[in-house]
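In the numbering used here, the protein residues as written are 31 to 325.
Working notes, structure below.
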């Protein structure tokens with residue numbers, strides 16, 4: 031009888047331990063594929079996302095876009111209707127923005143340009159990698175709690191987007207300037223922040239995108255994808271200047287990664303163009319990707 035009692039106690043202890051272990055796996059912010067930390071990504075397919083975003087209620091734009099540091103006035107946007115551009119990138123939030131003052135950017139501006147036929151690519155410049163290369167971004171580093179910080183900034187991005195009238199299924203692009211991904215600890219911190227930001231944006235019904243240099247952040251994200259990491263951004267906006275505009279030919283991205291309709295190529299930067307008598311300093315982009323959806 032005593033032996034039977036001990037066996038029962040042993041089995042109960044084993045079941046309790048197993049339940050605790052399973053509960054820990056379910057509640058952890060990072061589940062692994064192939065032993066690499068990662069939390070659930072929208073997708074299970076290549077590139078951290080599965081399927082065509084058009085099937086998910088998003089709006090996709092294919093064509094030429096420009097982005098500029100300070101949101102243009104409505105008059106300038108009207109004048110630039112004479113150009114070949116039909117989409118504009120706007121820096122709508124984040125503590126790392128170079129142009130923090132955005133006097134033209136409000137809900138009324140968003141509604142007006144949308145009604146005038148423009149598509150909007152919303153860029154969020156939050157905390158930057160601790161090993162960011164540009165000196166003017168070193169003052170806003172990711173801290174020692176990247177998951178919590180990424181989650182908080184993802185929430186801030188959604189709130190800022192919603193305040194401007196951007197509805198669920200809008201793409202929001204995290205701007206992470208070039209960093210030294212060869213520094214392992216820094217790269218791990220940066221990846222954790224990006225994953226947390228993407229997870230929170232996705233959780234709230236928006237589409238998390240990612241902008242960076244092709245040879246830096248974008249190469250890092252594709253390496254993580256190949257390693258099976260989840261919770262990666264769903265759209266990839268890669269900067270490779272002085273090259274022919276091409277969303278499908280980027281060498282650091284596998285051909286099937288972030289496809290279909292999930293890529294933007296920034297192919298030239300800091301150039302001045304004039305349309306309708308209005309000059310602007312811009313970056314040039316070829317787009318095949320989701321844009322803002324207006325409520």
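For each residue, glycine too, the CB sits at the ideal point set by N, CA and C.
Following the DSSP letters along the chain, one finds residue 295 inside the beta strand (DSSP E) bounded by residues 293 to 305. Rounded to the nearest angstrom, the Cβ distance from residue 204 to residue 240 is 5 Å, consistent with a contact under 8 Å.
Nearest neighbour of residue 116 by Cα position, chosen from 325, 317, 190, turns out to be 317. Taking the CA atoms as reference points, residue 95 sits about 16 Å from residue 140.
Residue 200 and residue 192 have their C-alpha atoms roughly 10 Å apart. Comparing alpha carbon positions, the residue from 268, 206, 87, 215 closest to residue 168 is 206. About 4 Å separates the beta carbon of residue 208 from that of residue 243, a gap short enough to meet the 8 Å contact definition. Per DSSP, the beta bridge partners of residue 316 are 94, 295.
The beta-bridge partner set that DSSP reports for residue 263 is empty.
For residue 173, same chain residues with a beta-carbon under 6 Å away, outside a window of 5 residues either side, are 179 in chain order. If you keep only unbroken beta strand (DSSP E) runs of at least 3 residues inside the stretch 126 to 164, you get 149 to 154. Residue 252 sits buried, since 16 or more C-beta atoms from the chains shown fall within 10 Å of its C-beta.
Here residue 189 is exposed. Its C-beta has fewer than 16 other C-beta atoms within 10 Å. Annotation for residue 188: the continuous alpha helix (DSSP H) segment containing it runs 176 to 193.
The shortest CA-to-CA distance from residue 266 to any of 106, 279, 181, 195 is the one to 279.
Less than 8 Å separates the beta-carbon of residue 313 from that of residue 97.
Each of 154, 198, 162, 197 was checked against the Cα of residue 184, and the nearest Cα belongs to 154. Considering only 198, 225, 260, the residue with the shortest C-alpha distance to residue 237 is 198. Distance from the Cα of residue 218 is smallest, within the candidate group 123, 122, 324, 254, for 254. Taking the C-beta atoms as reference points, residue 90 is found no nearer than 8 Å to residue 263. Between residue 296 and residue 269 the beta-carbon gap is near 4 Å, inside 8 Å, which marks them as a contact. Sorting 162, 234, 101 by C-alpha distance to the C-alpha of residue 215 places 162 at the top. In this model, residue 307 and residue 104 are separated by some 14 Å (Cα to Cα). At the C-beta level, residue 213 and residue 250 stay beyond 8 Å of one another. With respect to the C-alpha of residue 325, the residue from 142, 196, 134, 186 having the closest C-alpha is 196.
DSSP lists 237 as the beta-bridge partner residues of residue 201. Rounded to whole angstroms, residue 170 and residue 223 show a C-alpha spacing of 13 Å. Of all alpha-carbon atoms in 323, 125, 114, 315, the one lying nearest the alpha-carbon of residue 277 is that of 315.
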